[in-house]
Amino acid sequence: MPPYKTNQDLPTEVRRLLSESAQDLYRAAFNCALQWYGDESKAHKVAACAVRIQTVSLNSVITLDSVTKPQIA
Numbered sequence: 541m542p543p544y545k546t547n548q549d550l551p552t553e554v555r556r557l558l559s560e561s562a563q564d565l566y567r568a569a570f571n572c573a574l575q576w577y578g579d580e581s582k583a584h585k586v587a588a589c590a591v592r593i594q595t596v597s598l599n600s601v602i603t604l605d606s607v608t609k610p611q612i613a
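Following my numbering, the numbering of the sequence shown begins with 541 at its first residue and continues without gaps.
Next comes the structure, spelled out in structure tokens:
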């Protein structure tokens with residue numbers, strides 16, 4: 541399998557479930573992992589993990605910001 545050149549080349553399920561920016565991350569992570577490992581199945585796992593880590597990281601920042609910033613009444 542060659543690397544994905546655009547988000548339109550991603551599997552339908554990935555495009556359906558992920559936002560455009562998450563698709564960008566998935567594609568970049570997949571392409572790097574495919575080049576590194578040479579294994580399509582492993583590359584999909586790495587890409588999915590990258591999206592999960594980014595999502596958790598963003599959610600943590602949002603939650604932390606809402607806790608630490610004072611509410612103005």
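From the three backbone atoms N, C-alpha and C, an ideal C-beta is built for every residue, glycine too.
For leucine 598, the closest alpha carbon among the candidates Ala587, Leu557, Ala562, Leu550 is that of Ala562. Asparagine 571: member of the alpha helix (DSSP H) spanning 560-577, first to last residue. If you ignore the 5 residues before and after threonine 595, its C-beta comes within less than 8 Å of the C-beta of Ala562, all in its own chain and listed in chain order. For threonine 546, the secondary structure class from DSSP, reduced to helix, strand or coil, is coil. In this structure, the straight-line span from the alpha carbon of threonine 552 to that of tyrosine 544 is close to 13 Å.
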